[in-house]
Amino acid sequence: MTQFRPCIDLHQGQVKQIVGGSLNDSGAETNFVSTHDAAYYAELYKTHQLLGGHVIALGPGNQEQALKALAAWPGGLQFGGGVNNRNAEMFLQAGASHVIVTSYLFADGQFSWEKLEAIKQVTGVDRLILDLSCRRTESGWQIATDRWQTITDTVVNAETLTELASHCAEFLIHAADVEGLQGGIDEALVKLLGDACPIPVTYAGGARSLDDLKLVDQLSGGKVDLTIGSALDIFGGSGVTLDQCIQWNKR
0 MTQFRPCIDL HQGQVKQIVG GSLNDSGAET NFVSTHDAAY YAELYKTHQL
50 LGGHVIALGP GNQEQALKAL AAWPGGLQFG GGVNNRNAEM FLQAGASHVI
100 VTSYLFADGQ FSWEKLEAIK QVTGVDRLIL DLSCRRTESG WQIATDRWQT
150 ITDTVVNAET LTELASHCAE FLIHAADVEG LQGGIDEALV KLLGDACPIP
200 VTYAGGARSL DDLKLVDQLS GGKVDLTIGS ALDIFGGSGV TLDQCIQWNK
250 R
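For the sequence shown, numbering that gives the first Met the number 0 begins at 0 and goes up steadily by one.
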C-alpha cells in the first residue's frame, strides 16, 4: 500500500517549500519559509514514527541544518544534496539511514557507471538511494541534475529503472515540472513507476490533498510512496494535514 513519506527541504539554511522548476543560482520562488529549524521537523516525524522521510539540501549553506535533523532522529531520515563518494560516509555516521545521490553520478550530462561504483564502495547497495528526479521532454522524462536545471541524456523509463534497481535500495523521483505547484501529480509518471520499478520508490511533485495518496495508491497498485510538501499544513498548506497523513499510514 502507498505510504506517505515526510520531507525536510533546506534552502539557504532554512526549512522551505519552493517551486522546484524555479530553483537556480539566484534563489527560488518560495511557497513557505519555516520559523522552525530542521531538528523540529525531524523530532515531529520521530514522534509519529513516519518512516522513510528525506532531508534534501537545495544548494549550499544547508549542512548545519541537515546535521541537526539527522542528529535529532539517528537512522530515521535519508539525506541528499551534494552527496558524493567523499562525504557520503560522514552523513551516514551523522545519522542518515541512507544517502541520496543524483548530480554526482553525471558528468557533462552523461551517466557515469564508474562514479556509481565508487559511491557503492562507501555506502553499499543497501544504504544508497538514487534520485532520478526528472523533467518532461519530447522523449518522455529525462533525469535533471544541478537543482533540476540541467537535463541529462538519461531517460526515465522501464529499461533505466530495471537497469539501476540492482545498484541501490530505493529510488526517489521528484517530478520537477510540477514540484511545489500543488496542481496535481504527474499521473503518467506515477503509473510508469508502479509498472516498472522492482524496488521501493518515492514520488514527489504536485500533491495537493489526501486524494492524491489514494490516486497514487490506485495508479501504482500500492507500489509507489508519496511525499507531500507545500500542501501540508505544517508547511503552511491548506490541502492536507499531517494528522490525515499519519492516519493514512496506519490503515
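We treat Cβ as the ideally placed atom computed from N, Cα and C, and that holds for glycine.
Boundaries of the beta strand (DSSP E) in which residue i is found, first to last residue
i, result
"residue 137", "Element bounds for residue 137: n/a, residue is neither H nor E."
"residue 169", "169-173"
"residue 32", "29-32"
Span separating the alpha-carbon of residue i from that of residue j
i, j, result
"residue 73", "residue 148", "31 Å"
"residue 128", "residue 52", "12 Å"
"residue 143", "residue 172", "10 Å"
"residue 92", "residue 154", "33 Å"
"residue 196", "residue 9", "28 Å"
"residue 133", "residue 88", "26 Å"
"residue 208", "residue 16", "16 Å"
"residue 161", "residue 115", "15 Å"
"residue 210", "residue 112", "39 Å"
"residue 35", "residue 14", "7 Å"
"residue 139", "residue 226", "22 Å"
"residue 158", "residue 66", "35 Å"
"residue 90", "residue 181", "31 Å"
"residue 30", "residue 220", "31 Å"
"residue 104", "residue 152", "12 Å"
"residue 175", "residue 117", "27 Å"
"residue 106", "residue 141", "15 Å"
"residue 54", "residue 137", "31 Å"
"residue 237", "residue 32", "15 Å"
"residue 232", "residue 240", "5 Å"
"residue 190", "residue 4", "18 Å"
"residue 215", "residue 71", "30 Å"
"residue 75", "residue 63", "18 Å"
"residue 213", "residue 43", "24 Å"
"residue 56", "residue 250", "31 Å"
Distance between beta carbons of residue j and residue i, contact taken as under 8 Å
i, j, result
"residue 193", "residue 218", "6 Å"
"residue 1", "residue 223", "6 Å"
Cross-strand partners of residue i (DSSP beta bridge)
i, result
"residue 6", "53"
"residue 98", "78, 127"
"residue 90", "Answer is none; residue 90 lacks a bridge partner."
"residue 224", "201"
"residue 161", "None; residue 161 has no bridge partner."
"residue 110", "105"
"residue 115", "Note: residue 115 sits in no beta bridge, so no partner."
"residue 142", "133"
"residue 67", "Partner(s): none; residue 67 has no beta bridge."
"residue 239", "231"
"residue 16", "31"
N- and C-terminal bounds of the alpha helix (DSSP H) containing residue i
i, result
"residue 1", "Taken as a continuous stretch (DSSP letters only), residue 1 belongs to no alpha helix (DSSP H), as it is neither H nor E."
"residue 215", "209-219"
"residue 154", "No alpha helix (DSSP H) contains residue 154, which is instead part of the beta strand (DSSP E) from 149-154."
"residue 193", "186-195"
"residue 42", "37-46"
C-beta neighbour in chain C for residue i, strict 8 Å
i, result
"residue 71", "Within the model displayed, chain C is absent; a lone protein chain is all it includes."
Three CB pairs or more closer than 8 Å across the segment 202-212 and the segment 155-167: Touching, no.
Check whether the segment 113-133 and the segment 86-100 touch, using three or more Cβ-Cβ pairs below 8 Å as the test. Contact holds: three or more Cβ-Cβ distances are below 8 Å.
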